[in-house]
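For what it's worth, the numbering used here labels the leading residue of the sequence shown as 3, then goes sequentially. Where is the CB? At the ideal position from N, CA and C, for every residue including glycine. Owing to the predicted nature of the structure, the values given are computational and were not obtained by experimental measurement. Data block below; observations after.
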Amino acid sequence: MRFVWLSNPIMKIGLVFLIVNFLPRLFPMLNKIPYYGIVGKVCLVLGLGCILFVMFKDKFFS
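Right, here's the structure in full:
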């Protein structure tokens, strides 16, 4: 299996979503933003979805 980490734009989008999810752990002041908990969970799901799609797209969509 070939690893395509940063050469794929979908992987980059997934990593950005994961970074947005973990921002409140680095900057606690972001916890005061309304609905950021929901936004963080959505970003986590989208980020993991993008990464898994890139990892397994050759296996399922070939």
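What does a CB cutoff of less than 7 Å around Ile-53 pick up in its chain, not counting 5 residues either side in sequence?
-> Translated into the one-based positions of the sequence shown, residue 53 becomes position 51. Same-chain partners within the cutoff: Met-13 and Gly-16.
Go ahead and label Val-56 buried or exposed: buried means 16 or more other beta carbons lie within 10 angstroms of its beta carbon, across all protein chains shown.
Counting from 1 along the sequence shown, the entry for residue 56 is found at position 54. Buried, because 16 or more other Cβ atoms sit within 10 Å of the Cβ of Val-56.
Which of the three DSSP states, helix, strand or coil, is assigned to Ile-12? Within the sequence shown, numbered from 1, the residue matching residue 12 stands at position 10. Shown here, Ile-12 sits in a helix according to DSSP, grouped into three states.
Straight-line CA distance for Pro-36 to Asn-23? In the sequence shown, counting from the first residue as 1, residue 36 sits at position 34. In the sequence shown, counting from the first residue as 1, residue 23 sits at position 21. The straight-line gap from Cα to Cα measures roughly 14 Å.
**Report entry** Residue nearest to Leu-20 in terms of C-alpha spacing, selected from Phe-62, Lys-61 and Val-44
**Finding:** For this step, residue 20 is matched to residue 18 along the sequence shown. Leu-20 has its Cα closest to that of Val-44, out of Phe-62, Lys-61 and Val-44.
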